[in-house]
Amino acid sequence: MIEINSDHESLQINGSDVSEIFTLLANGNRVRLDRVTPDPFFLDIGGIKNLVVNLNGGDDTFTAGNGLASLIALTVNGGAGNDTITGGDGSDVLNGGDGNDLITGGRGNDTAFMGAGNDTFLWNPGDGSDTVEGQAGFDTLQFNGANISERINISANGSQVRFSRDVANITTDLNGIEQINFNALGGADTITVNDLSGTNVKQVNLNLGSAMGGGDGQADIVTLNGHIEKENINIQGTNGSILVKGLPTAITLENVEVNDFLTIFSNAGNDVISAADLLTPVSLLLSGGNGNDQLIGSRFADSLFGGDGNDTITGGEGNDVALLGTGNDTFLWNPSDGSDTVEGEAGFDTLQFNGANASENIDIFANGSRVRLLRNVGNVTMDLNGIEQINVNALGGTDTIAINDLTGTGVSLVRVNLAGSSGKTADGQADTVIVNGTQLSDAITIATLNGQTVVKGLATQVQITGVETKVDQLVINGLSGNDVIDASQLTANRLHLTLDGGDGEDLLIGSAGNDVVIGRRGNDVALMGAGNDTFLWNPGDGSDVVEGQADFDTLLFNGANISENIDISANGSRVHFFRNVANIMMDLNSIEQINFNAQGGADTITVNDLNTTGVSRINLDLGFLQKGDGQTDTIILNGSAGNNGIRLSNSDNLITVTGLPETVTIANADIDLLIINSGNGNDTIDATKLTSTTIAVTFNGGLGNDILQGSSRNDFLNGGEGNDLLFGGLGADTLTGGAGFDRFRFNNPNEGGDFITDFEANEVIEIKASTFGGGLVAGQPVTDNQFRVGTDAQTASDRFIFNGSTRSLYFDADGTGSLGKILVTTLQTNVNFTAANLRVI
198 MIEINSDHES
208 LQINGSDVSE
218 IFTLLANGNR
228 VRLDRVTPDP
238 FFLDIGGIKN
248 LVVNLNGGDD
258 TFTAGNGLAS
268 LIALTVNGGA
278 GNDTITGGDG
288 SDVLNGGDGN
298 DLITGGRGND
308 TAFMGAGNDT
318 FLWNPGDGSD
328 TVEGQAGFDT
338 LQFNGANISE
348 RINISANGSQ
358 VRFSRDVANI
368 TTDLNGIEQI
378 NFNALGGADT
388 ITVNDLSGTN
398 VKQVNLNLGS
408 AMGGGDGQAD
418 IVTLNGHIEK
428 ENINIQGTNG
438 SILVKGLPTA
448 ITLENVEVND
458 FLTIFSNAGN
468 DVISAADLLT
478 PVSLLLSGGN
488 GNDQLIGSRF
498 ADSLFGGDGN
508 DTITGGEGND
518 VALLGTGNDT
528 FLWNPSDGSD
538 TVEGEAGFDT
548 LQFNGANASE
558 NIDIFANGSR
568 VRLLRNVGNV
578 TMDLNGIEQI
588 NVNALGGTDT
598 IAINDLTGTG
608 VSLVRVNLAG
618 SSGKTADGQA
628 DTVIVNGTQL
638 SDAITIATLN
648 GQTVVKGLAT
658 QVQITGVETK
668 VDQLVINGLS
678 GNDVIDASQL
688 TANRLHLTLD
698 GGDGEDLLIG
708 SAGNDVVIGR
718 RGNDVALMGA
728 GNDTFLWNPG
738 DGSDVVEGQA
748 DFDTLLFNGA
758 NISENIDISA
768 NGSRVHFFRN
778 VANIMMDLNS
788 IEQINFNAQG
798 GADTITVNDL
808 NTTGVSRINL
818 DLGFLQKGDG
828 QTDTIILNGS
838 AGNNGIRLSN
848 SDNLITVTGL
858 PETVTIANAD
868 IDLLIINSGN
878 GNDTIDATKL
888 TSTTIAVTFN
898 GGLGNDILQG
908 SSRNDFLNGG
918 EGNDLLFGGL
928 GADTLTGGAG
938 FDRFRFNNPN
948 EGGDFITDFE
958 ANEVIEIKAS
968 TFGGGLVAGQ
978 PVTDNQFRVG
988 TDAQTASDRF
998 IFNGSTRSLY
1008 FDADGTGSLG
1018 KILVTTLQTN
1028 VNFTAANLRV
1038 I
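Using our numbering, the letters of the sequence shown map in sequence onto residues 198 to 1038.
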């Protein structure tokens, strides 16, 4: 023991050049200095104000205790070697010297000069506000927080760094420090790392975990502020770690939890901030500040603030919130991204929405002053406000994009690119763009402009590119109001165009291509334009005027599942199409084809002489759900005043009638009736090629010498006035010659069983010799030996037997032979029938 009592100001203790361990403790009102190793000794010091300890060489350890502040001022010089120095509770001066030193200030506001080497200054809860000079080498501040909520702020102070902690009002001044490590050690901490450019700090490591390791379960908030110049910031990490590169100082975060917050402000400059590689879940906020910034979110729910400037923001996966800020900004959405909320704020802002190479339904509509964009794939909902333009890239698949009334929102332009995955070449899929008008009276134009299809006149203009000719479709819905929809400036067949007027009395003007025009409710006017157009009518629609104009145009008229009377008549060169239900009158001009779908009910469809009109084909579908409806429909076809050559045939489920001014087809007949009135003139109606069993036919020849040939069913043939020739054909037919000299022909014995209703004594029944046989010779009269009145043949020469009681005519090919008689016809008039009434042809 060495006791020192002195009135001197300072005492200097010099260590050796070997590794030593010293302790300095308060001992009452004196101070005790111990050298623990090597060669232990101690000094009992009193009356000294300043103690200077020079550790000199070796890897020394010096530890001062508390209670020294009022007894002595302490200076420790580590000298050469890797020293460990711990100050007391006074304002100590701690010099590390050469070597990689570890210095702990302890209580009191200490000053540390770290010296050469890679040194570490350690701060623990309860320590004071220290000044740390890192000096040469790579030096570190290791700052340990407490298990309470703390606010930590790390800022540049010129070339120095100020590290502050709100708890205990700690301010640590740093100079020449290259790395800062902060251990939160529990509590809901708020940590701000500001722009450290101009300082020596290259790395800041933030450990948000608890004292026990792992997350602390508290919501920590970390804020990182960038430089005022251009930065390229990248955020990455996994398994609770985050690395932020590109700021003036690299930042790492450990033990990050999903309830923690990370905010990065890049501040001024045209910055790039990307969290695309971040796999650690955290509440992330990226803010670009001033400048034209690019922000890319993580796969989690992020907050993305553009700030001033023309920014581009990509949300990434997760349901993000983006505030685009001032400037002409763009928000970019890609497949697999989440349902985002985008606030455009000031400037002209754009949503760039990229679809996938899959079939998608995209619906854009107003939600008050906001806009919703829905995508069925992934169940995505975009909530937009203050967005002026929406770009949709279909990028493959059979897509449907609907743009609804966006009045009251900020959206003035929607651009739709229907091209494939490259955004430039066709995808070969049939895409549909639907543009819906307002509930008011709209004036909508569709035109081709600079290679684009442009829809104007609504609050939002729509531009369509990447269109595949004759594959993609554009539908314009006028909705309510008396609308004008004009597509006359659209290039022919650029796409399939549908104009739908909706409710109201609309004017619909087609393009030069093949359009579909729908009037809907109200009495509409359609100017179809050039191209093979179709006007569609549905139950509930009004009485419309349809001008087919150039090329081959069609009226497609859908009935209802009730009984309807349809009448189609000429009105000069125009056509009147009348429906008794709802008293509908369609006024048609330059329509070449009419399609009527009955859709159920016992309907009556009358087609009158359309010779003076342009109608060349009428297609009647009597079915319901593509099959017969079980109701008896009646079709009446009225011929022209000229000589008509009408023929009927069928193939599969389709019956075709030709020879009228228009060709008529009938589909899905089952228990229906066809009546053909050939009108005046020497007409021919031939149903020999009609083998269908689904429709019964009635032929009325009218005035003139007509030839009527029945089908294989039970037909009704009425010759009308004139010298007519009637062939019943197969089946039990009913034949009425009408006024005049009529002939009734039987070409085959198996055609028997017909009824002749008005046979007169001067009329004849013609028998074809080559098919009846029995020795008949064409052109030779039937002799009395071949004709018998009675019930059966009496001789071998008897060929025709007329039963006067039943007025039935039979043919027997061998008389009394073994073949037996065959019924030819039954007369319903009481006439003196003789052999003279038979003619062999």
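In this text, a Cβ means the ideal position worked out from N, Cα and C, and glycines have one as well.
{"Asked": "Can you give the Cα-Cα distance for L905 and D628, rounded to whole angstroms?", "Found": "52 Å"}
{"Asked": "Is D280 closer than 8 Å to D256 when the C-beta atoms are compared?", "Found": "yes"}
{"Asked": "Use the C-beta contact count for V974: other C-beta atoms within 10 angstroms, 16 or more gives buried, fewer gives exposed.", "Found": "exposed"}
{"Asked": "Which of helix, strand or coil does DSSP assign to S813?", "Found": "coil"}
{"Asked": "When you compare each of F528, N366 and D534 to S326 by their alpha carbons, which one comes out closest?", "Found": "N366"}
{"Asked": "How about L450 and I439: are their beta carbons less than 8 Å apart?", "Found": "yes"}
{"Asked": "Which first and last residues belong to the beta strand (DSSP E) in which A966 is found?", "Found": "Run containing A966: none in the beta strand (DSSP E); it sits in the alpha helix (DSSP H), A966 to F969."}
{"Asked": "Output the residue ranges of the beta strand (DSSP E) runs that lie fully inside the stretch 830-888 and measure 3 residues or longer, sorted by chain position.", "Found": "831-835, 842-848, 851-855, 860-864, 869-874 and 881-886"}
{"Asked": "Taking contact to mean 3 or more Cβ pairs, one atom from each stretch, closer than 8 Å, check whether the stretch 926-933 and the stretch 997-1008 are in contact.", "Found": "no"}
{"Asked": "For G1014, report the span of its beta strand (DSSP E) as first-last.", "Found": "Element bounds for G1014: n/a, residue is neither H nor E."}
{"Asked": "Taking the CB atoms as reference points, tell me whether G323 and R304 lie closer together than 8 Å.", "Found": "yes"}
{"Asked": "Please report how far the alpha carbon of N489 lies from the alpha carbon of A473, in whole angstroms.", "Found": "19 Å"}
{"Asked": "What residue range does the beta strand (DSSP E) around S480 cover?", "Found": "S480 to S484"}
{"Asked": "Within the stretch 451-477, note down every full beta strand (DSSP E) run reaching 3 residues or more, in order along the chain.", "Found": "458-462 and 469-475"}
{"Asked": "Can you tell me which of the three DSSP states A365 falls into?", "Found": "helix"}
{"Asked": "Please list, in chain order, all residues of the same chain as G797 whose beta carbon is under 6 Å from its beta carbon, the five residues on each side excluded.", "Found": "N758, F821 and D826"}
{"Asked": "So what does DSSP say about V329, is it helix, strand or coil?", "Found": "strand"}
{"Asked": "What residue range is occupied by the uninterrupted beta strand (DSSP E) comprising T1026?", "Found": "No beta strand (DSSP E) holds T1026; DSSP gives it neither H nor E."}
{"Asked": "Specify the secondary structure class of D750 as computed by DSSP and reduced to three states.", "Found": "coil"}
{"Asked": "What are the start and end residues of the beta strand (DSSP E) that includes T509?", "Found": "T509 to T511"}
{"Asked": "So within the stretch 665-748, which uninterrupted alpha helix (DSSP H) runs reach at least 4 residues, ignoring any that extend past its ends?", "Found": "none"}
{"Asked": "For V398, name the three-state secondary structure that DSSP assigns.", "Found": "coil"}
{"Asked": "Which residue comes first and which comes last in the beta strand (DSSP E) that contains V894?", "Found": "I892 to N897"}
{"Asked": "Consult DSSP for E540 and reduce its assignment to one of helix, strand or coil.", "Found": "strand"}
{"Asked": "If you measure between the beta carbons of T477 and G434, is that distance less than 8 Å?", "Found": "yes"}
{"Asked": "Alpha carbon to alpha carbon, how far is S566 from A465? Give it in angstroms, no decimals.", "Found": "31 Å"}
{"Asked": "How many whole angstroms separate the CB atoms of I349 and I300, which I take to be in contact at a CB cut-off of 8 Å?", "Found": "Contact flag wrong, Cβ pair sits at about 20 Å."}
{"Asked": "Residues in the same chain with beta-carbon distance under 6 Å from F550, minus the five sequence neighbours each way, listed in chain order, please.", "Found": "W530 and V589"}
{"Asked": "From D683 to N897, what distance separates their C-alpha atoms?", "Found": "47 Å"}
{"Asked": "Measure the beta-carbon distance from G836 to G876 and round it to whole angstroms, keeping in mind my assumption that it falls under 8 Å.", "Found": "4 Å"}
{"Asked": "Looking at V479: is its Cβ nearer than 8 Å to the Cβ of D457?", "Found": "yes"}
{"Asked": "If we require 3 or more residues per run, which beta strand (DSSP E) segments fall completely within the stretch 199-261?", "Found": "199-202, 207-211, 218-224, 227-234, 238-243, 247-251 and 258-261"}
{"Asked": "In chain order, what residues of the same chain have a beta carbon less than 8 Å from the beta carbon of T888, not counting five sequence neighbours either side?", "Found": "N847, S908 and S909"}
{"Asked": "Return the first residue and the last residue of the beta strand (DSSP E) that N528 is part of.", "Found": "In the sequence as presented, Asn is not what sits at residue 528; that position holds Phe. That run of the beta strand (DSSP E) goes T527 to W530."}
{"Asked": "Can you give me the Cβ contacts of L592 inside the same chain, cut-off strictly under 7 Å, excluding the 5 residues immediately before and after it?", "Found": "N551, G552, A553, N554, G617, S618 and G620"}
{"Asked": "Return the chain-ordered ranges of every beta strand (DSSP E) run that is complete within the stretch 277-334 and spans a minimum of 3 residues.", "Found": "281-283, 290-292, 299-301, 308-310, 317-320 and 328-330"}
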